[in-house]
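To convert, count from 1 in the sequence shown and add 770; that's my numbering. By construction, the Cβ of each residue, glycine as well, lies at the ideal position given by its N, Cα and C atoms. A quick note: this is a predicted structure, and the numbers were derived from the prediction, not measured. Single-structure report; data block below.
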Amino acid sequence: IEFKDFLRVVGLHIAQRDPKHELLKAFRLFDTDGSGKLTFADLKRVAGELGEDGMTDEALMEMIEQADRDGDGEVGPDEFLRIMKKAGLY
Numbered sequence: 771i772e773f774k775d776f777l778r779v780v781g782l783h784i785a786q787r788d789p790k791h792e793l794l795k796a797f798r799l800f801d802t803d804g805s806g807k808l809t810f811a812d813l814k815r816v817a818g819e820l821g822e823d824g825m826t827d828e829a830l831m832e833m834i835e836q837a838d839r840d841g842d843g844e845v846g847p848d849e850f851l852r853i854m855k856k857a858g859l860y
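Here is the structure:
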């Protein structure tokens, strides 16, 4: 799955709801360890659960790099919301 396709699917899911609330809910679902950050491992697990087993590690890292504003290699809730807003999802 391409990042743009992922964004489209998320956008369709939240179209009828409060986008910020739904995006933060999705963020918490992806953040299985409760660290408050989405890691490479989190994205790899989510991709697998969505049946995207062919997604490369490089593509997952690219997703993180696009969203990671503070350079810590992870995506926090504000960064997640920012990239979703940039994608026009809220």
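Rounded separation between GLY806 and GLY821 - CA only
A straight-line Cα-Cα distance of about 24 Å links GLY806 and GLY821.
What residue from LYS790, ILE834 and PHE850 has the CA that sits closest to TYR860's CA?
Comparing Cα positions, the closest option is LYS790.
Residue burial classification, GLU849 (beta-carbon count within 10 angstroms, cutoff 16)
buried
Using alpha carbons as the reference points, say which of GLU844, THR826 and ILE853 lies closest to GLU772.
THR826
Considering only C-alpha positions, which residue in the set GLU828, GLY846, ALA837 and THR802 is nearest to LEU777?
ALA837
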